[in-house]
Structures are given as C-alpha cells and as structure tokens.
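Comments concern the structure below.
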Amino acid sequence: MARRSWAFVVVSALVLGASGSAFADSTEPPKRDLPDYPGRPPRQTTPGEVLLWVPRVVFSPVYFTTEFLIRRPLGAIISEAERANLPQALYDFFAFGPDHKAGITPIAFVDFGFEPSVGAYAFWDDAFVKGDDLRAHFSGWSESWLAGSLVQRTRFHDKDSVTLKLSAMRRPDQVFYGVGPSSLQSAQSRYGEDRLGASATADFHLWRASKVEAAIGVRQSSFYDGHYQSDPGIVEQAGAGSYPLPAGFVSGYTSEYNKVAIALDSRRPFPDEGSGVRLEAEAQQGSDVSQPAASGWLRYEAAAGGFLDLDGHRRVVSLSVETIFSDPLGSRAVPFTELATLGGDGPMPGFYAGRLLDRSAAVGTLRYRWPIAPFVDGSLQAAVGNVFGAHLEGFDTRLLRFSGAIGIEADSSPDSNFQLLVGFGTETFDHGGQVDSARLLVGVSRGL
C-alpha cells in the first residue's frame, strides 16, 4: 500500500478510534503459502544488536511499558485492521477523487492544562497543476479559541518546494511564568493572544538529508489578560508582584521578518539505516513596523547531533546539543514571544510551551527512537538545559533543569502529525530538582 494510504489510516484510526468490524469485508483475501524459514541460513548477530542490550537493561521498565502497553496492542489493532481491509476502507472514505489526491478528515488535539481543540484537516494534491498541493486546517473549542491555516505548496525538482501560508489564531490560555532561569511553577499565569501571519518559504534539499530553507513573512500579535480554570491572569499575577508585565505585552507588535536555515545531515532517507551526523544553523531577523526605529531583533540558533542506528532497522540512539540566542537590534527590548524558549514542541518537551523564556538557552538531549508500526515511531528522551541572560550570561550548572518524555509519533505529513506524549520537568538543580511540571498530550498537532 502506498505511503500516503498507510500514514492516513494510522492517523485516522488513532484519532477516531475506528473499529475494523464496521468496514470488514465478508470475503478475506487468500493467504500466502508459508515460506520455508527453517531452510534459511542462520543470521549473524551484529555488534549493534549486542550493544542494544545495554539500553534494554537500563530502560527495562520503560521497555515493558512501550512494548506491552503501546507497541503490541497497536500492532494487534493494525493486524486486525488489515484482515478487515480497514486501511483501504478508511482511505476510500476520507480521500476521494480518481487517484485519492484530495480528502478531508476530522482532527482533535488535547494538551492537558490547556483548552482542547477539534476541527478538520483537508488536502488536495496536484490541485491545479502537477506538483501544486493545497492544505487547509481549522480547529477550535469556543469563540475565544479558534485557529486556522491555508497552505499552497508547489513542488519541483522532486523534493524542492515553495510554500505560501496564511494563518490565524485566537486563544485565551497561553502560559507565562516570568523571564529567567529561576522562574517558578507557582507563578503560573495565563494570557490571551490574537495572531495573524503570512509567509513565503523556499525549501531546497541537498545531499542526503541536508537542506536549505529561506523565508520571509509578516506576523501581527496582540495580547490580553487570559484565563484557564482557576489560574490567575497575567495582569493579576504581575499586580501581585510576581514579575513585571513582559516586553511587548501591552502594545503588541507587527513584525516583518526574514529567516534562513541550513542543515547538513549525513543520514540517508528512510528505509536506510539511521546512523549519521547533523549540523544545524538558523537566523531570523525581525522588526516591529508598528513602532519607531530601533525596534528590531535577531534570533539565531545552532545545533549539532550524532545518531547511531543500533541494528540497522531505525532503532536510533542520538545525542545532541543546541543553543538559542535573541538579541535586540536597537534600544527597545525584544518582545517576549520572540525570546529564546524551551518547552512545547521544541527542546525539553516535558515543559509547557513558553515555560522557560530569556535572552538565550542551552540544552543537551539524549534520545532513543524506534519503529512501532508503519510510519509510527516510539520516542524516549532525556534533556538537561535552561534559559539564561544575554549570550548565556549567568550560566551555571546548578541552574540547569531536567526534562523527560516518552511517546509515539506518526510522521504522516509536514502539516499535521499524530502525537501521544507523556513528559515531566523539574525545578533547577540548586532549587532541589524536584518534579514540578507534568505534560500529557494526544491528538493531531496543528502545524501552525
């Protein structure tokens, strides 16, 4: 079955909880003859398979959880779905057209501690001419939590593309804890954000998994006092003296920005083995066009990682380090949503998005990723890092935090992927390093 068909059914089945019996065909396909497995020569054990026992022993409790509570049940569901012809039935139901190049599917996303969202995701490949793909997404929960995006992606030279994107979001439950490495979980507050954006991105693939990306765009953000359950709003928390209102909150900003990113990656594409080295660098310059001169900033980051495929079948252990910097280009401070940040979909996912903010950040991550099902991977990661002042000013190992996370990911589309993640984060080591942050999310990420 084609890659799009399998990726589509994995995401659809996980999100909808579909049952194979509803689509079962009364006539099963004929079974193939059993191969002569005993007649094959014995397979030689590789050094990677021997080394694989080390993390298996160390992480045996985690292995038990992922093997018997995630992989095997998921594998059984997929096997039963295949016997009932569910993949093709779901694909035919949600995708239409002569070649199934268009479709629409419901999506849902829950990041516990925030408002959930439900909506729809639509695609149309080769919409007007060959290589022209359209994507649309809409989701929300109430009139105060709405999000949507429109994407036109033109593909050429096989993997290269130019993407035009419009996006809008309104949500009242963003989190803020203050700025700096020692911000406290007890200072949690909520702010609302209205955001509009438009961008054009050119993506050029180079040798193996290497690529260059360049983008220009405009982004308008306004902020207001937020709410979620019993959490105080940011204005109330600032009034209580927990911290001052951050730069850019009162006035908002309208930013024009340009970005360039390059990744040098020696790994070969799937299904080849996953060993290699990756180097990344990115720079983004922005200016607030709604303010006088001297209101710009420069955000730049660099990362390096090494990847070892333990058995040649995409069971990969990796170690990476990353630094992020955000500097003003004039006398005005950088808006708080443009600062270096850790948490959420970025490094240290055991923390909420926006949990850690400051002028710079440094983090190291150890990760193990392994295949569970077609286009579905398990992920286990541990990270140590934190945010600091300008250019890592005030860096101290006692101010570092720990983040741990385990989950599964269905890599089905650059615009919308299924995630299930459980994570946690700690206070700084000099504050005791106790766990004070937990995160659980499940659903289709929005890709805004």
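2 is the number of the first residue of the sequence shown in our numbering; add one for each residue after it.
Glycine included, C-beta positions come from ideal geometry on N, C-alpha and C.
From a predicted model like this one, the values you see are computed outputs, not experimental measurements.
Candidates the options: closest to residue i by CA position
| i | options | result |
| --- | --- | --- |
| Arg156 | Ala384, Ala128, Phe139 | Ala128 |
| Glu274 | Tyr192, Tyr229, Thr106, Leu309 | Leu309 |
| Gln221 | Phe419, Leu167, Lys260 | Leu167 |
| Ser321 | Leu357, Arg368, Glu283 | Arg368 |
| Arg136 | Leu70, Ser150, Val130, Trp142 | Ser150 |
| His101 | Glu323, Phe113, Phe69, Ala90 | Ala90 |
| Val180 | Gly379, Ala305, Pro245 | Pro245 |
| His432 | Arg196, Leu400, Leu442 | Leu400 |
| Ala248 | Gly98, Ser296, Gly114 | Ser296 |
| Val388 | Leu87, Arg440, Ser184 | Ser184 |
| Glu339 | Ile263, Thr255, Glu323 | Thr255 |
| Arg440 | Ile407, Gly434, Asn418 | Ile407 |
| Phe224 | Asn418, Ser327, Arg171, Ala109 | Arg171 |
Length of the line joining the Cα atoms of residue i and residue j
| i | j | result |
| --- | --- | --- |
| Ala374 | Glu81 | 13 Å |
| Ala148 | Pro48 | 49 Å |
| Gly365 | Gly405 | 12 Å |
| Asp34 | Glu144 | 58 Å |
| Ala163 | Val119 | The amino acid occupying residue 163 in the given sequence is Val; Ala does not appear at that position. Val163 and Val119: Cα-Cα distance of roughly 29 Å. |
| Glu116 | Val219 | 27 Å |
| Phe376 | Ala334 | 43 Å |
| Trp298 | Phe250 | 16 Å |
| Leu393 | Gly76 | 45 Å |
| Ala284 | Ser319 | 24 Å |
| Phe24 | Phe139 | Confidence at Phe24 is low in this model, with a pLDDT of 42, below 50, so its placement is unreliable and the value that follows should be read with caution. If I take the Cα positions, the gap works out to 28 Å. |
| Asp452 | Ile409 | Past the edges of the chain, shown from 2 to 449, lies residue 452, and the structure says nothing about it. |
| Asp134 | Ser243 | 48 Å |
| His206 | Lys160 | 6 Å |
| Ala411 | Ala354 | 21 Å |
| Ala362 | Lys131 | 43 Å |
| Ser267 | Arg279 | 7 Å |
| Gly351 | Gln420 | 14 Å |
| Gly426 | Met349 | 8 Å |
| Gln45 | Ala103 | 46 Å |
| Ala169 | Leu197 | 5 Å |
| Val51 | Ile325 | 37 Å |
| Gly253 | Glu83 | 52 Å |
| Val58 | Ala341 | 37 Å |
| Leu442 | Ala383 | 17 Å |
| Phe177 | Ala239 | 10 Å |
| Ile235 | Ser288 | 25 Å |
| Trp125 | Pro272 | 26 Å |
| Ala304 | Ile263 | 11 Å |
| Gln175 | Ser332 | 27 Å |
| Val261 | Ser200 | 13 Å |
| Leu422 | Gly395 | 32 Å |
| Asp204 | Tyr92 | 29 Å |
| Ala14 | Leu165 | Because the pLDDT at Ala14 is just 49, under 50, the model does not fix this residue reliably, and the value given afterwards should be weighed accordingly. Going by the C-alpha atoms only, they are around 30 Å apart. |
| Leu265 | Gln230 | 45 Å |
Test item: CB-CB of residue i and residue j under 9 Å
| i | j | result |
| --- | --- | --- |
| Gln186 | Asp437 | yes |
| His228 | Pro293 | no |
| Asp226 | Gly193 | yes |
| Gly344 | Val111 | no |
| His314 | Pro270 | no |
| Leu357 | Arg402 | yes |
| Ala210 | Gly277 | yes |
| Ala282 | Tyr258 | no |
| Asp312 | Leu53 | yes |
| Gly390 | Arg360 | yes |
| Thr106 | Ala85 | no |
Residue i classed as buried or exposed, judged by whether at least 16 other C-beta atoms fall within 10 angstroms
| i | result |
| --- | --- |
| Thr429 | buried |
| Pro182 | buried |
| Glu237 | exposed |
| Val317 | buried |
| Gln189 | buried |
| Ala461 | The structure shown has nothing for residue 461, since the chain only spans 2 to 449. |
| Pro31 | exposed |
| Phe337 | buried |
| Ala241 | exposed |
| Asp397 | exposed |
| Ala96 | buried |
| Leu70 | exposed |
| Val290 | exposed |
| Arg73 | exposed |
| Pro88 | buried |
| Ser61 | exposed |
Any non-hydrogen atom of the ligand GTP closer than 8 Å to residue i Cβ
| i | result |
| --- | --- |
| Ala199 | No copy of the ligand GTP appears in this structure; indeed no ligand is present at all. |
message = List, from N- to C-terminal side, the alpha helix (DSSP H) runs of 4 residues or more that fit wholly inside the segment 77-146.
response = You should have 87-95.
query = In chain order, which continuous runs of the beta strand (DSSP E) of length 3 or greater are located wholly inside the segment 167-219?
reply = 190-206
request  = Please go through the segment 230-317 and give each complete alpha helix (DSSP H) segment of 4 or more residues, from N-terminal end onward.
outcome  = 235-240
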